[in-house]
Structure formats: structure tokens, C-alpha cells
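Residues 15 to 392 in my numbering are what the sequence shown lists, from first letter to last. From the three backbone atoms N, C-alpha and C, an ideal C-beta is built for every residue, glycine too. Below is one structure, written out as C-alpha cells, with a few remarks after it.
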Amino acid sequence: MADKLRLCRCCRGGTDSGGKSILCRVCNPWNNVQDLTRISTPAWQTYMDVHQQGLKDEMIDWLKSEVKLLSYLPYNYGWTILLDGLTTTQHKITTTQPMELENHLDFDAYQKIAARLKSRNSRLIPLRTGEYGFEPIIPEDDGDSGEIQTRFNGYRVQTFGQDIVVDGARIDRGPLTLLFRMMLDRKMQSPVLRFLNLRNQIEGVSIRNATRNTEQGREILRDGRFNLCGLPNAPRAEPRRVAERPPPPMCDWNHETYLLGIELGDSSTRRVIPLPSSPATLERFLTIWNGRPSTTVSDRLRACVLHIIRIPGTPASDARITPHERSFELLRSVVEGNKDVLITRRGLLVKGKLGVTWRISPGQGAHDAPYLIHATTG
Numbered sequence: 015m016a017d018k019l020r021l022c023r024c025c026r027g028g029t030d031s032g033g034k035s036i037l038c039r040v041c042n043p044w045n046n047v048q049d050l051t052r053i054s055t056p057a058w059q060t061y062m063d064v065h066q067q068g069l070k071d072e073m074i075d076w077l078k079s080e081v082k083l084l085s086y087l088p089y090n091y092g093w094t095i096l097l098d099g100l101t102t103t104q105h106k107i108t109t110t111q112p113m114e115l116e117n118h119l120d121f122d123a124y125q126k127i128a129a130r131l132k133s134r135n136s137r138l139i140p141l142r143t144g145e146y147g148f149e150p151i152i153p154e155d156d157g158d159s160g161e162i163q164t165r166f167n168g169y170r171v172q173t174f175g176q177d178i179v180v181d182g183a184r185i186d187r188g189p190l191t192l193l194f195r196m197m198l199d200r201k202m203q204s205p206v207l208r209f210l211n212l213r214n215q216i217e218g219v220s221i222r223n224a225t226r227n228t229e230q231g232r233e234i235l236r237d238g239r240f241n242l243c244g245l246p247n248a249p250r251a252e253p254r255r256v257a258e259r260p261p262p263p264m265c266d267w268n269h270e271t272y273l274l275g276i277e278l279g280d281s282s283t284r285r286v287i288p289l290p291s292s293p294a295t296l297e298r299f300l301t302i303w304n305g306r307p308s309t310t311v312s313d314r315l316r317a318c319v320l321h322i323i324r325i326p327g328t329p330a331s332d333a334r335i336t337p338h339e340r341s342f343e344l345l346r347s348v349v350e351g352n353k354d355v356l357i358t359r360r361g362l363l364v365k366g367k368l369g370v371t372w373r374i375s376p377g378q379g380a381h382d383a384p385y386l387i388h389a390t391t392g
């Protein structure tokens, strides 16, 4: 359980590092402890603390005047009231809301898929036990190692390793239950496309830019424009357009929904609050958060969230709430899952083909990359 583990301050995974080190063996060579303390706070939180203190005080006073609001959070009804208050509009909860997942005729199909993915440690059902989230109430898997193929509300659904495939589209991460709720919604939009669009908003990913960058990188490799040791005149694998780089992700998640988190104080404690589990309310939250109808309203929402997390929010030292932490979580999972990668005190040794071993270590590489790559033999 997370609350009984010594956690790495970077990737937020468990660590067996001895002594006083606050980093695991994978993260330690690549991180400066002083810098890590500074960048552990989400950028939006830093902006609000530094530039919007007056607005924060104003929204705290407003929340105190809305006596019942805090008692309704973090449930969907509470989020709806909050968003209505910020935008002065009314989104009434009516009987046209999607059916509850538990009451659907195909609920057993959801349970079977959830149980199988849970047994495979899927990123669609992260087991957030201990400090935040809760163990999903999912029956134990029947022990069959095969894939499940079924239908849910008319959609073809099947497992594929740790992933799920819905009508031919494969999904590898995100809240599984939220995806199934979207399949119950009456919107004409594909639930998979809707789920991926929402996830891209959470993670700040532009599909168009990501596709273009991938194509350009492949062209570089096809043309043979790859220098063994990363010489300064080697072409970039990514374009120079820094302005087009996506903003950082802001959330972790459990199987129900996404979790918005903040860092509190010098002790590096952090708290999270579940965002709406209703797809429509979550989409509305993200629309306002991203600047519609105005940046003033989005700043008011962020100011409210900063205060709200301190009250109904829950402690979450293992939550990953910055892009830096998310990146090193991915790096660690790749390194620890590959038998050809050896972790050293100075970086990594990657065993390649034909007797070549690649040494990857911190340093100023080509194009100011924060790493050096050298080939060794023997």
C-alpha cells in the first residue's frame, strides 16, 4: 500500500533506496534534489499563488457564502452547482441523464472485463489503495488467461493484454469506468473518440502536432540521418517549434475518473480531489478550465479548486501531478520491465545487438539534450 511504502519524490513509486536518499535508483542520476522540490508544484498552482492572490481571497469569501456547496463536493451534483455559480448558468439534472452503470443489463460484461484488466495490473484500473482513491469493487477474475470478447450496450468490447479494444479502437490508459459511462450516453459522438479527446485535454496533447512530429522523426531515420554519439550537427528528431509543445498534464486517475492534485507546504504533502465522474460534467469542467467562456472564469475556477482541495480532498503522496513525474514514471516502467537495461549509479547501460552496449548518462548532449549516449563494446 502506498502509505506504507517509502516513495520516490520523482516518479512517486516505491523505492528501496538506502540511506537518506529520497529518489529511487532509476530517478537518482537524472535529478537534482533542490530543483525537484521546486518543480514538484503544478505550474497552474504556482501561477495562482504568485499572481492571483487577490482573486484567491475573493473566491474563498464566495465559497464561504455558499454554505451547502462544499458538502456536495466532490460529487457530480456539487461540481454542477460550482460551475453554474461561476458561469451564472443553470444546467439542471434531469431524468434524461445516462443510466447508472450498475443498473444496465450488460453490467456483468463490464465486471468481467474490469476483473480481467485488474488481474493484469492494467493502467485502466490503477489500484489506488491507502492514502487516496479506493480499491475498485470488482469481483475476482475467474483465472482464465485468455482474452474476453463481449458486447456492452451494442458496442464490441474485448481485452487485449492490459488494454481494451472498443469497436476496433485500442485504449491503453485512463479511467475504465468513465469509458463505459460514455458508452451509455446518448450522444451521437463515438464514445472512444470522446474518451480520447477528453484524455488529450487532460494531458495537453495535440493529436495533429504529435502525428506531424512522429512523421518527421521517421523521415529522419529513413534517410539515415542519425549520428552514433549525437553530434551537434545531427538533425533534430523533433521540430524547433517550442510554442507548439503541449502544456503539462494536470491529473492522475483512478478507475472512476481523473484526480486533480496540488502540493502543500514544505513537507511536500499533496492532496487530490476527484473530478466529475459524469462525462458531460467533466467535459464542461475542462472547457471552463481551458479558458471558455473567458480566462477570468477559468482563473476563478482554479482559485476555487485550490481552496476546495484543502477541505474534501484527500492526502495523496503517490499521486503524479506534474509532467516531470509522469515522464519518470514511464521511464521507470520501461527500464524495470526490460532485462537488457542495467541501472547504474551514473545512468543506464542498454544491451544492444552485435555486442554493442549503449551507455546513457546525464550531461549536455546534442541540441542541449540532458543526456549523453555512447557506444561501448565488450
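Shown here for Asp-354: same chain residues with a beta carbon closer than 7 Å to its own, the five before and five after excluded, namely Val-364, Lys-365 in chain order. Counting along the chain, Pro-376 sits inside the beta strand (DSSP E) bounded by residues 370 to 376.
The DSSP-derived three-state label of Gly-92 is helix.
Under the 10 Å beta carbon count, Lys-132 is surrounded by 16 or more other beta carbons and is classified as buried. Assignment of beta-bridge partners to Tyr-169 by DSSP yields Phe-166. With a contact defined as Cβ atoms closer than 8 Å, Pro-307 and Trp-93 miss out at about 17 Å. By the Cβ-count criterion, Thr-191 is buried, with 16 or more other Cβ atoms from all chains shown falling within 10 Å of its own Cβ. A residue is called buried once 16 or more other Cβ atoms fall within 10 Å of its Cβ, and Glu-339 is buried on that count. Here DSSP, grouped into helix, strand and coil, assigns Arg-195 to helix. Restricting attention to Leu-69, Thr-55, Arg-39, Lys-82, the CA atom closest to the CA of Thr-283 is found in Thr-55.
Annotated as proximal: Thr-390 and Thr-371, with beta-carbon spacing under 8 Å. Judged by DSSP in its simplified three-state form, Val-64 adopts helix. Val-180 has Val-171, Ala-183 as its beta-bridge partners, per DSSP. For Val-364, the three-state secondary structure derived from DSSP is strand. Counting only the Cα atoms, Leu-84 lies some 11 Å from Val-319. Only buried fits Thr-336, as 16 or more other CB atoms lie within 10 angstroms of its CB.
The alpha-carbon of Arg-285 is positioned some 28 Å away from that of Arg-134. Selection Ser-159, Ile-323, Thr-271 evaluated against Lys-126 yields Ser-159 as nearest (Cα-Cα). Excluding the 5 residues flanking it on each side, Leu-50 has same chain C-beta neighbours closer than 7 Å at Arg-23, Cys-24, in chain order. Here Glu-277 carries a strand assignment [DSSP, helix/strand/coil]. Between Ile-302 and Thr-101, the C-beta spacing is below 8 Å. Our two residues, Asp-98 and Thr-295, have alpha carbons roughly 11 Å apart in a direct line. For Ala-183, the number of other beta carbons within 10 angstroms of its own is below 16, and it is reported as exposed. Its chain contains no residue whose beta carbon lies nearer than 6 Å to that of Ser-35 once the 5 sequence neighbours on both sides are disregarded. In this structure, Leu-368 keeps its C-beta atom at 8 Å or more from the C-beta atom of Leu-362.
Put simply, the backbone Cα of Ile-325 is about 40 Å away from that of Tyr-169. Annotation: the continuous alpha helix (DSSP H) that includes Pro-337 extends over 337 to 350.
Here the C-alpha atom of Leu-21 lies approximately 8 Å from the C-alpha atom of Cys-38. If you ignore the 5 residues before and after Tyr-86, its C-beta comes within less than 7 Å of the C-beta of Gly-92, Ile-95, all in its own chain and listed in chain order. A distance below 6 Å between beta-carbons, with the five flanking residues on each side excluded, links Asp-181 to the following residues of its chain, in chain order: Tyr-169, Arg-170. Assignment of beta-bridge partners to Pro-288 by DSSP yields Leu-273. The alpha carbon of Val-349 has as its nearest neighbour, out of Gly-327, Ile-374, Thr-328, the alpha carbon of Ile-374.
In the structure shown, the three-state DSSP call for Ala-333 is coil.
Ranked by Cα distance from Asn-90, the options Ile-139, Tyr-272, Trp-44 are led by Tyr-272.
Straight-line spacing of the CA atoms in Ser-204 and Gly-68 works out to 42 Å. Counting the other Cβ atoms within 10 Å of the Cβ of Gln-59 gives 16 or more, which makes it buried.
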